[in-house]
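Numbering (my numbering), first residue to last: 94 to 432.
Have a look at the structure below before the remarks.
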Ligand code: ADP
Ligand code: MG
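Below, the structure written as structure tokens:
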């Protein structure tokens, strides 16, 4: 260790859709998990939001990559570049010296040895000296202020971009765990297909995402109904520009199949939960995290169908990252972290 070396401590939520970095309990980076790569020399040209703006616009000069698929690293090279790029975005007090980095990174609860290794390798290559890992549902629970070490069972449902993870936590461990590949990306695809099929309108993922955020719904009847959303795009057949207003009711129908899949997975996880823990869950409710938790009417629909109260995290997009940040401060105390 040189005279000027110091340690920077960061927590990373490496998500399929978004990557969030926490330093000293503050969100310092919050960017979409995208890198833009030059086709000519395979170098990174942009990362995060800037790269996202290039999706579908780079022709054969720039390709945009989402390095994670279904929660796991699908493109190692791109993932490493992304982590490096995001770490560079952290505002630093001392610009002169490259710090040694202690990191806690979260991983999906069903990760295999190989997948865990991949996250560790990518993090180390990107500059991490001292890398710890934490399972995402555990981080989500901690981020929501739940005492994960207590004998009281709790259920977390984390609806991200690529996967929905359902876990029951008790005594600092994950007792039941289920992961399905139906999540935010699928809802976008449902909307994209639907707009093509029903309205002859060709749209890309970013537009589908905007439609989902504005008028996506898990119920055909909402108390605070959003206004119709005006979608603009080319007609699939004539290529002429067209404008179509879409209502939340029609999007609710279009999302029904995928939402049912999520609902059924939750029921299946409940079925596998030991009775003592099941009783705790009925008493305390089920906690929703991840961006998908923000879908209009979702918590109400699940509460009505499953007859257990669903609670949405205060800040569902940051719950996992916040919990990872708490883990960073407790690396010596939390014995469920993975080295
Ligand atoms: P990941 O952990 O996989 O990166 P996130 O927890 O960051 O995922 O959630 C991202 C997903 O949440 C995306 O599919 C995004 O479209 C979705 N999302 C974000 N905001 C909303 C919203 N208001 N309504 C519905 N879905 C949303
Ligand atoms: Mg996530």
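Idealized CB from N, CA, C, for every residue including glycine.
In this text, all values refer to a predicted model and were calculated from it rather than measured experimentally.
Local Cβ density within 10 Å of residue i, reported as buried at 16 or more and exposed below that
| i | result |
| --- | --- |
| residue 95 | Its pLDDT being 46, under 50, residue 95 is placed unreliably by the model, and nothing is read from it. |
| residue 415 | buried |
| residue 207 | exposed |
| residue 100 | exposed |
| residue 139 | buried |
| residue 215 | buried |
| residue 336 | exposed |
| residue 169 | exposed |
| residue 291 | exposed |
| residue 229 | buried |
| residue 417 | buried |
| residue 272 | buried |
| residue 391 | buried |
| residue 257 | buried |
| residue 368 | exposed |
| residue 360 | exposed |
| residue 251 | buried |
Assumed close pair residue i, residue j - CB separation to whole angstroms, cut-off 8 Å
| i | j | result |
| --- | --- | --- |
| residue 338 | residue 323 | 5 Å |
| residue 410 | residue 384 | 5 Å |
| residue 209 | residue 103 | With a Cβ gap of about 19 Å, residue 209 and residue 103 do not count as contacting. |
| residue 403 | residue 231 | Actually they do not touch by this definition, with Cβ atoms about 19 Å apart. |
| residue 351 | residue 280 | 6 Å |
| residue 370 | residue 263 | 6 Å |
Alpha carbon of residue i to alpha carbon of residue j, nearest angstrom
| i | j | result |
| --- | --- | --- |
| residue 202 | residue 293 | 40 Å |
| residue 212 | residue 200 | 8 Å |
| residue 301 | residue 105 | 27 Å |
| residue 286 | residue 265 | 42 Å |
| residue 153 | residue 133 | 9 Å |
| residue 365 | residue 345 | 29 Å |
| residue 192 | residue 185 | 10 Å |
| residue 149 | residue 397 | 40 Å |
| residue 173 | residue 305 | 30 Å |
| residue 217 | residue 223 | 8 Å |
| residue 157 | residue 110 | 13 Å |
| residue 309 | residue 355 | 15 Å |
| residue 180 | residue 248 | 32 Å |
| residue 162 | residue 274 | 10 Å |
| residue 407 | residue 237 | 8 Å |
| residue 117 | residue 374 | 32 Å |
| residue 277 | residue 331 | 30 Å |
| residue 372 | residue 401 | 11 Å |
| residue 343 | residue 297 | 19 Å |
| residue 136 | residue 130 | 5 Å |
| residue 389 | residue 381 | 13 Å |
| residue 204 | residue 175 | 20 Å |
| residue 289 | residue 299 | 15 Å |
| residue 253 | residue 328 | 31 Å |
| residue 340 | residue 357 | 26 Å |
| residue 112 | residue 314 | 33 Å |
| residue 171 | residue 121 | 21 Å |
| residue 283 | residue 295 | 13 Å |
| residue 393 | residue 379 | 12 Å |
| residue 377 | residue 419 | 22 Å |
| residue 268 | residue 326 | 47 Å |
| residue 260 | residue 127 | 27 Å |
| residue 246 | residue 270 | 13 Å |
| residue 413 | residue 147 | 27 Å |
| residue 194 | residue 221 | 5 Å |
Contact test: residue i Cβ vs ligand 3 heavy atom, cutoff 7 Å
| i | result |
| --- | --- |
| residue 240 | Among the ligands present in this structure, namely ligand 1 and ligand 2, ligand 3 is not found. |
Entirely enclosed beta strand (DSSP E) segments - the region 342-405, minimum 3 residues: 379-382, 403-405
Inside the region 227-299 only - beta strand (DSSP E) runs reaching at least 3 residues: 247-252, 257-263, 266-273
Complete beta strand (DSSP E) runs within the region 309-344 (minimum length 3 residues, chain order): 322-327, 334-339
field: Segments of 4+ residues assigned as alpha helix (DSSP H) that fall wholly inside the region 114-193
entry: Taking only runs of at least 4 residues, the alpha helix (DSSP H) segments lying wholly in the region 114-193 are 142-145, 169-182.
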